[in-house]
Structure formats: structure tokens, C-alpha cells
Amino acid sequence: MAKYLVIVESPTKVKTIKKFLGSNYEVAASNGHVRDLPKSQLGVDVENDYEPKYITIRGKGDILASLRKSAKKADKVYLATDPDREGEAISWHLSKALKLDESKMNRITFNEITKNAVKDSLKHARDIDMNLVNAQQTRRILDRMVGYLISPVLWAKVKRGLSAGRVQSVALRIIADREEEINSFIPEEYWTLDADFNIAGEKKPLKAKFYGTDKKKLLLHSEEEVNEILEKLKNAEYQVSDVKKGERVKKAPLPFTTSTLQQEASKVLNFSTQKTMRIAQQLYEGIDIKGSGTVGLITYLRTDSTRISEEADQAARAYVASNYGENYVAEGTTEAKKSAKRIQDAHEAIRPSDITRSPILVKESLSRDQFRLYQLIWKRFTASRMANAVYETTQVKIQAGDYNFHVSASRLSFDGFMSVYVDDSAEKEENNVLLKGIGTDTKLSLKEFHPEQHFTQPPAHYTEAALVKTLEELGIGRPSTYAPTITTIIARRYVAKENKNLYMTELGEVVNSIMKQAFPSIVDVNFTAYLEALLDKVEEGTVKWKTIIRNFYPDLEELVKKADKELEHVKIEDEVTDVICDKCGRNMVIKYGPHGKFLACPGFPECKNTKPYLEKIGVACPKCGKDIVIRKTKKGRKYYGCEDNPECDYMSWQKPSGKLCPKCGSMLVEKGNKLVCSGEACNYVENK
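Numbered by UniProt numbering, the letters in the sequence shown go through residues 1 to 688 in order.
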């Protein structure tokens, strides 16, 4: 009887797939990559047309020996690694490492680990797609070149084992640019004017917002403008001048892509991108479900397509019809907006492998986090096959002399997909009851005005979810790269994560400024997106992979040589301080470590004394008069505090200027090229 060997990436998949295939199939795992570029050197022969030098990854020798033995016995070997560029590359590396005979080697892919999908893939076995392999090789080599050529420049400049990455450096720059925007943001004052109106026969007042005149909307910039309007409204009569009723449709959501799943899991479940991908991988590879054995619960998790197979679409519509009613089934299919970036449409969107396996049916077999993520994916996919939600809308215009106040409300008249999936944009139903019977003959009387001062807010700090969205919109990275990119810049302490927000650390600021100064093209958003587009062209077979590397390497080498020359003049020397080492009496020096600056004894290694470095900014603390120093939170985010902490609790995220506000006496802090009052209720601003 013929013997077949199926090689997958993960041991979990072995268990899941084994039960779908007969006894004449052996299933084994490669445990991910088996070959890579060597860690000790560049691993690319620049003298020999950039030929990569691959070696067996340490620790993989036994696995490969076992796979070779099984491959020799088999009549056919099926390489069943993940259905993307990286999976294709792993299959190619396996074929080389195992020295597989092309006549008995087949590549198979499946988007979900179900019996039908796995068996069907065997009928559609193919050769390895070298365009996919070459796209992955190109990415790996570009990343290696950036890391291995630029990192030594950082060591020379900042002194410790720092490293640069092609996509990580751009992500770092995006966060740094946002921090700069926030720090230089000057709040602008504006006012709102709400009014409460009494309606005859109603206990609750009707809340309306000031709009402007019949001709245009008026923006209120100051208290004087508000008082001027209130003066004109003193003897005004209030009359309902117009009531418009209408209908608004809220579209069903699209099923999840990798990016939207990471964003939604961050918002709804408070998962990091790394955690989302780890749990999604578990759901994809297979979970032991009571009564069913090991089952892959979701389709492949790395995709930027919202496409759904016809079979899954029909199954979902049938499920919705039988569980919610025919009127809840979507009429057409919601399509994603076409973006300039080419979508990798090889895979479907992320969806349950079987919609009838509802979250409640599998809850007992899943961990809490697995259940929550599966429920999110299941609900979103089910909702994507359901009818739109419909709202009845009412808009009321209230005439007050020369001015108008507006009230609008909406009421859900048909919940559609919202019976399954509600996001945080669902409307609050205020004023609905009051607007029901309102008409142009309704008698109104003013109860009171509510003028309120506001200030414009700076852009929000990036969260992991917001950064993923930005990277995707800019065409930087791919579904498989978002999570590792963010994990890397946090692990290297270039960025600190506090309460979901991402902040630059002092170390991150130093690295980013060197990268911008010495390697502007590497941290250029457009250039990085252009490289991604070129990788897509390699995958399509329209660009030769080595052409990209031949054009990239000489320019990078030139930049490194230039940086070496120019940066050696600004190499950071150990700055001697007036702090005396309390162990040996020498003057301590400033050094850079993984967490930023610290004080160290120059007598190392005889004297290993170190102290935290508190850099004075030359400004006295407004609370106690001692020096203000630069401090860092536990996670590395910079702030300004009193050197006498914890006795004195003064702190500021912005740099104090030493000048006091002429209006309220609070400290003025630096924001871009302005000085702004740190007092909450004061809006004093002056030029530096």
C-alpha cells in the first residue's frame, strides 16, 4: 500500500490533520523554519550577485533527520505549511534540506483545518510557487541588510547592543512624529451653547444645541461671543420651525482581516496584537472539542482580504435564516472599499470554519481568552452575512429670533445584524421619546441655557490598534508583520506601553533621531511602502527579486559609510559629572544602558558602582525650590519631577520653562515653539 508523508509546521496541526487522513498517511511537523541566514554574519554573498547563504537552524538537526527518514519511505511527500509567502518559503527550505525528489514532492495548502479542506487540498496538489518564495526571500534579505549594516552604527553612536529594523524603524518614526505633534499642540478655546426647553405636558425638558442662523452654522470661540448671543436671545420667542423625519441605514460590518481583528480585539478585549495572534493561531491549528475531537475552529489568521468562499457564504445565510428569520439575511454582499494597495486575495477573511459551531456550544472546551476571541470572530462573521440595521431619524429645528437650535434623535426600527454584533458606535437614544409627538405647533418655553467652555484636544497617542491601522493604511508591512513589529519596539524599550498608549522612551528618541539623520530613506514612510509594493510585484512574477536587492544594497552601503564618517565626530563620550563615587571616590560618568542614561564609576571593572542619573534642567521646582530633573516611569517614559521626590510630588510631562504665567502664576511649560500655562483653567500662551 502506498505511503504518503504530510509535513506541516506545528505539532498541534499534526494531531488535528492525522484524524482526517487514512492510515497510509503519516503527518509530521517541521516546527516552523528549518533553514535561515546565519546569525554570526550577513549571510548574503554581495560579491556573488547577492546569493543568500542558508544554514540549518541550530536545534533542527534531529527534526530534519527524522523527516528525511520518513521521506525516504514515502511514495509522495506533501508539503502542507501555511498558505502564505512565509509558508511557501518554509516548504521550499524543507525541499532543499530534505533533498526531496521533485517527482514525488507536492505542495498543498488549506485555508482552514477541516476534513473537507484538507482532503480537497490533496486533489489540488501543485509545485512550489517560486514567486511566493522569492518575495519572502527578498523581505528576509532586505531586513537582514538593514539590521546588520545599521546596527553597528548605533552601537558606535549609543554604545550598547541596540539594533535597527527595516519596518520597526518606520513604526518608531511614526510614533515619534505623533509624540512631536502632541508636544507642540496648542489648545484652542471654543464654546458650546445648549438649551433646555419645557414642552407642555412633558416633565422632562428637551435638550437642544445652538446651531447658528438659517444661512450658516456659527462656531463660538469665546465667552464674549456667547454672551453677545445670550443678550440677543433675552426676549426671543421659541418656536418649532421644522420637523424632518427620515431613515438611516447602518451597514453590516465586513468580516475580519488580520488588521481589523487586532484592532477590535484591542478595543473590545484589551488584547495586545501579540496575544490576539497567539490565541488566533491556537483556534486555527485545532482545539480539542468535547464530542468532536481536535478541530480547527477558524480559517487562516494572516490575511488582508474580506472575501468569503461561496460555500461558507451560503452556509452562513442558511444559519441566519433558520436562527433569526429570512428578513435578517443580507440581500447582497458588503464589499471593502478598494484601496490603492493591492490586497493579498489568496485567502479568505478570518471566519469560523463551521458557523453552526456557535460560541456557546464550544465554551466548555475553550479557555476564557480563546472563548472571547472565538466569540468575537463568530459574531463578526455572522453579522457580515446579515441585513443592515435601520434607524428612524427625527430632526427638529427651533427658531429663536435670528438664531436656530437643533435637536436630532434616532430610534432603532430594525436591528438587523445588531441582534448579533454591536460595536461601540451604537447610538445613545436620548430625546427619542420627547421627539415622538413634536410638530410645528408644539408650544416651547425656555427653561435654561448651558454655555460651556471647551479646548481642542491634541491628537491621541498611538495605541497598538491605532498603529496597526496606520501601518495598514500606509501600506507598510503585511498581516504577518504587524504584531512582531510592535512587540520588537516595545521589547527593545524604544517604546513604552502604558494604559494601552504607546510612548517614546529616551532610548527610542535617540535611536529615532540617528535614523532620521543618517538613514532618512530607511525611515521614510513612502520608501518603505514602495518596497512593499515591489515585494507584491515579485509575488506576481513581474519583477525579478534580485533586481530589488541589487538596487538596494549599494545605496544602503553608501549611507552606512557616510554615517560612519559623519557620526564619529559626534560619538558620545563618557561625560564626567561632579557626582563622587561613594565606593572609591572617583568622579562618576554618564553611560547609556538599555533603559537610557545612568551613572557609572569609571573604575569598572574594579569598581562596579552605578547610580540612577538625574539630569537637571536648570529650573527650580515651583513647589519647594529644589532642582527639577528628568525622570522616567518604570516603563521608560520621560517626565519632569522634583529631585526631592518622594518628599515633593511636583511632576510635568512637558518641560517646565522656569517662567511663571502672568495671568495665574502657574509654571509655563514648553510646547513646540510656544510656552503654555500648565494651569488647568488658564489658556495663556506666549512665543518662546
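Built from N, CA and C at the ideal position, the CB exists for glycine as well.
Simplified DSSP state of residue i, which is helix, strand or coil
| i | result |
| --- | --- |
| GLY165 | coil |
| ARG278 | helix |
| SER241 | strand |
| VAL420 | coil |
| VAL543 | coil |
| GLN654 | coil |
| PRO152 | helix |
| GLU392 | strand |
| ARG85 | helix |
| ARG372 | helix |
| PHE110 | coil |
| TYR494 | coil |
| VAL77 | strand |
| GLU311 | helix |
| GLN136 | helix |
| TYR328 | helix |
| residue 747 | Since the first residue shown for the chain is 1 and the last is 688, residue 747 is missing from the structure and cannot be characterised. |
| SER599 | Going by the sequence as given, residue 599 is Leu instead of Ser. The answer is strand: DSSP assigns LEU599 an E or B state. |
| VAL538 | helix |
| GLU680 | coil |
| PHE414 | strand |
| PRO205 | coil |
| SER408 | strand |
| ALA29 | strand |
| ASP288 | strand |
Alpha-carbon to alpha-carbon, residue j and residue i
| i | j | result |
| --- | --- | --- |
| ALA491 | SER163 | 12 Å |
| SER305 | LYS688 | 50 Å |
| ARG351 | ILE229 | 55 Å |
| VAL685 | MET667 | 12 Å |
| THR442 | VAL396 | 11 Å |
| VAL544 | VAL538 | With the sequence shown as reference, residue 544 is identified as Lys, and Val is not the correct amino acid for it. Each residue's alpha carbon lies about 6 Å from the other. |
| LYS179 | CYS682 | For clarity, residue 179 is Glu in the given sequence; the question names Lys instead. Taking the straight line joining both Cα atoms gives about 23 Å. |
| LEU413 | THR394 | Per the sequence shown, the amino acid found at residue 413 is Ser instead of Leu. For SER413 and THR394, the distance between alpha carbons rounds to 13 Å. |
| ILE279 | VAL511 | 32 Å |
| SER241 | LEU172 | 54 Å |
| GLU285 | LEU556 | 40 Å |
| GLY43 | ARG550 | 15 Å |
| TYR25 | VAL420 | 41 Å |
| LYS60 | SER103 | 25 Å |
| LYS608 | TRP155 | 22 Å |
| TYR211 | VAL133 | 59 Å |
| MET130 | ASP524 | 29 Å |
| TYR300 | ALA315 | 18 Å |
| LEU297 | SER151 | 41 Å |
| LYS638 | GLU506 | 7 Å |
| ASP75 | ILE287 | 31 Å |
| ALA340 | ALA349 | Per-residue confidence for ALA340 stands at a pLDDT of 37, beneath the threshold of 50, marking its modelled position as unreliable; no derived number is given. |
| SER513 | TYR50 | 30 Å |
Outcome for residue i when other beta-carbon atoms lying within 10 angstroms are tallied against a minimum of 16
| i | result |
| --- | --- |
| residue 762 | Residue numbering for the chain in the displayed model covers 1 to 688; residue 762 lies beyond these limits and cannot be assessed. |
| TRP378 | buried |
| CYS584 | exposed |
| VAL570 | Its pLDDT being 46, under 50, VAL570 is placed unreliably in this model, and the coordinates cannot settle the point. |
| THR276 | buried |
| LYS337 | Summary for LYS337: the model assigns pLDDT 49, below 50, so the residue's position carries little reliability; its value from the coordinates is reported in the next sentence. Exposed, since its Cβ has fewer than 16 Cβ neighbours within 10 Å. |
| VAL576 | exposed |
| GLU498 | exposed |
| ASP345 | With a pLDDT of only 47 at ASP345, under the threshold of 50, the placement of this residue in the model should not be trusted; the figure read from the coordinates follows. Its Cβ having fewer than 16 others within 10 Å, ASP345 is exposed. |
| LYS671 | buried |
| GLY508 | buried |
Among the options, the one whose alpha carbon lies nearest that of residue i
| i | options | result |
| --- | --- | --- |
| MET504 | LEU67, ALA176, VAL46, VAL589 | ALA176 |
| LYS611 | ILE580, THR633, ARG637, LYS623 | ILE580 |
| HIS221 | GLU364, GLU189, SER445 | GLU189 |
| ALA71 | ASN106, ARG85, PRO38, VAL44 | ASN106 |
| LEU67 | ALA97, LEU21, CYS642, GLU331 | ALA97 |
| GLN517 | SER480, ASN183, LEU559 | LEU559 |
| ILE486 | SER408, ALA465, LEU534 | ALA465 |
| VAL320 | ALA349, GLU348, PHE381 | PHE381 |
| PHE405 | ARG126, LYS203, LYS216 | LYS216 |
Expected contact under 8 Å - CB spacing of residue i and residue j to nearest Å
| i | j | result |
| --- | --- | --- |
| LYS157 | LEU567 | 5 Å |
| THR488 | GLN282 | About 22 Å; that fails the 8 Å criterion. |
| LYS209 | ASN388 | That belief does not hold up - the Cβ atoms of LYS209 and ASN388 are roughly 28 Å apart, past 8 Å. |
| THR16 | THR294 | 5 Å |
| ALA563 | PHE519 | 7 Å |
Test: residue i CB closer than 9 Å to a CB of chain B
| i | result |
| --- | --- |
| ASN235 | No chain B appears in this structure, which consists of one protein chain only. |
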